[in-house]
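In full-length UniProt numbering, the protein residues as written are 1 to 495.
All C-beta atoms, glycine included, are put in the ideal place defined by N, C-alpha and C.
All values derive from a computational prediction rather than experimental measurement.
Here the structure is laid out as structure tokens; the discussion comes afterwards.
Quick look at the structure:
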């Protein structure tokens, strides 16, 4: 890890200095052994603390994201189980039910994060209440008897789900160093993608309850998954941690060490939220370029979430089989994300994994647009889109948070990236037009075009980072002896 390497370098320098000032061989050997042992101890303590944080932070927040995905995407499974017929929905009714969710979801994300970082607000209470209400609304979806009722409930779900992924992402960003973020966000996303796998498998089982208690199979999908969310809210109240500076679950020693290593990695945050330059934060080009990249990737993610079962059912599989056939598609995305982000953290570079991932997604969209036959080839295209998309998304979030300093900036940046990035779901929910099935020329064309556009945005981002870092080098070279730059403003960005 980066910090461990730096510790070793420092220790080596200290050893050389000590050796130079002490000629006796025995003294040199003792000094080397002493410093070597200290270095190993520091590295061991660092790994122990990171592992402790991993087990405390990632599972509960990852499961929270899984629940979000479950409640957000179960409508796709309900659709092919008879939702449209059951509520006498119009031809574009399903598309409307998708995008109406994202209106409040996008608008309320920034206010939700701003509230969560207030000193008097505890993240577990804030996120737990939203999770509980989300579960109640999810159950109500299975009990509504009108299309208008479905739309109203989907709108309310957007309000109460909005703070969950953004709040969870902000908490993760607050606990880890820059080099650790992408892999942790990949783990976070893996839970969400597992929710899609689980959703398909659960929907397959719940459809078998058709007629039980007088409810259709699609209603059971909503009722059971809503109940799961309600039960899980109890665990959110109990296990979601506070921000590092306010936490009580770490020992004083571990808390001190955590805050020290975060300061060494990100600088000392000396400004409270009332003193930060909000103008500088709002007009930070990094936030907007990486949000645009996330938007382009989320077009693919939204399409997979909402239309994967539909597309597969139209390749010739029956509805229940199509539910199950979605699962391998998500698993490939999970494996790709974990592998790429692990290597990205190991080598300290992100763009080298982003560009091939974009190319892989472009290939998948191209296969669909050209209607390549047989159906197995188009099924393979779903794997390509999934792999390329879910490699990109955690890298973009980790890349952005690694280049932001201060809680206010990270809070705003993650909310913008996830909030406006999720506007892609407005697009993805309206481009797969029912009357164009099964070719969907608009859907596949837009997916291909926006994914290809990511190449251009990535190159622009790399150029701006290169120019910025050269300016910081010039500023450092011009400093008088004893002067230092403000590490919350003038710092180099990572690639």
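So residue i and residue j are supposed to be a Cβ contact under 8 Å. How far apart are they, rounded?
i	j	result
residue 113	residue 414	7 Å
residue 335	residue 106	That pair is no contact at about 30 Å.
residue 130	residue 155	Not confirmed; about 15 Å, so no contact.
residue 396	residue 304	Not a contact, Cβ separation roughly 17 Å.
residue 85	residue 310	Not a contact, Cβ separation roughly 14 Å.
residue 190	residue 74	So it is not a contact: roughly 19 Å between Cβ atoms.
residue 207	residue 217	4 Å
residue 517	residue 360	Residue 517 cannot be examined here, being either before or after the span of the chain that is shown, 1 to 495.
residue 162	residue 104	6 Å
residue 232	residue 67	5 Å
residue 383	residue 329	6 Å
Mark residue i as exposed unless 16 or more other C-beta atoms lie within 10 angstroms of its C-beta, in which case mark it buried.
i	result
residue 174	buried
residue 182	buried
residue 466	exposed
residue 337	buried
residue 349	exposed
residue 371	exposed
residue 109	buried
residue 132	buried
residue 368	buried
residue 212	exposed
residue 256	exposed
residue 285	exposed
residue 410	buried
residue 118	exposed
residue 473	exposed
residue 385	buried
residue 51	exposed
residue 193	buried
residue 263	exposed
residue 251	exposed
residue 441	exposed
residue 435	exposed
residue 282	exposed
Given residue i, which residues of its chain have a CB within under 6 Å of its CB, disregarding the five upstream and five downstream residues?
i	result
residue 420	291
residue 443	431, 432
residue 357	388, 391, 392
residue 140	153
residue 404	410, 413
Which residue comes first and which comes last in the alpha helix (DSSP H) that contains residue i?
i	result
residue 219	217 to 239
residue 460	441 to 477
residue 120	Counting along the chain, residue 120 falls outside any alpha helix (DSSP H), and DSSP gives it neither H nor E.
residue 429	424 to 431
residue 149	147 to 161
residue 393	375 to 402
residue 355	351 to 369
residue 243	Per DSSP, residue 243 belongs to no alpha helix (DSSP H) and is neither H nor E.
residue 101	93 to 107
residue 207	No alpha helix (DSSP H) contains residue 207, which DSSP labels as neither H nor E.
residue 412	407 to 421
residue 492	Per DSSP, residue 492 belongs to no alpha helix (DSSP H) and is neither H nor E.
residue 82	Segment: none, residue 82 is in no alpha helix (DSSP H) and carries neither H nor E.
Who are the Cβ neighbours of residue i in its own chain at under 8 Å, not counting the five residues just before and after it?
i	result
residue 215	142, 209, 223
residue 24	For residue 24, the predicted structure reports a pLDDT of 44, less than 50, and the residue's modelled location is therefore unreliable. The matter cannot be settled from this model.
residue 53	175, 176, 258
residue 235	60, 63
residue 552	Residue 552 lies beyond the residue range present for the chain, which begins at 1 and ends at 495; the question has no answer from this structure.
residue 102	158, 422, 423, 425, 426, 429
residue 289	457, 460, 461, 464
residue 343	353
residue 45	257
residue 26	Interpretation of residue 26 is limited by its pLDDT of 47, a score under 50 that renders its predicted location unreliable; no figure is taken from the coordinates.
residue 246	119
For residue i and chain C, any beta-carbon pair shorter than 8 Å?
i	result
residue 252	Among the chains in the structure shown there is no chain C, since it carries only a single protein chain.
Between which residues of its own chain and residue i is the CB-CB distance below 7 Å, once the five residues before and five after are set aside?
i	result
residue 93	84, 147
residue 56	241, 249
residue 477	none
residue 172	57, 61, 184, 185, 188
residue 239	60
residue 81	203, 207, 217, 218, 221, 319
residue 100	151, 154, 155
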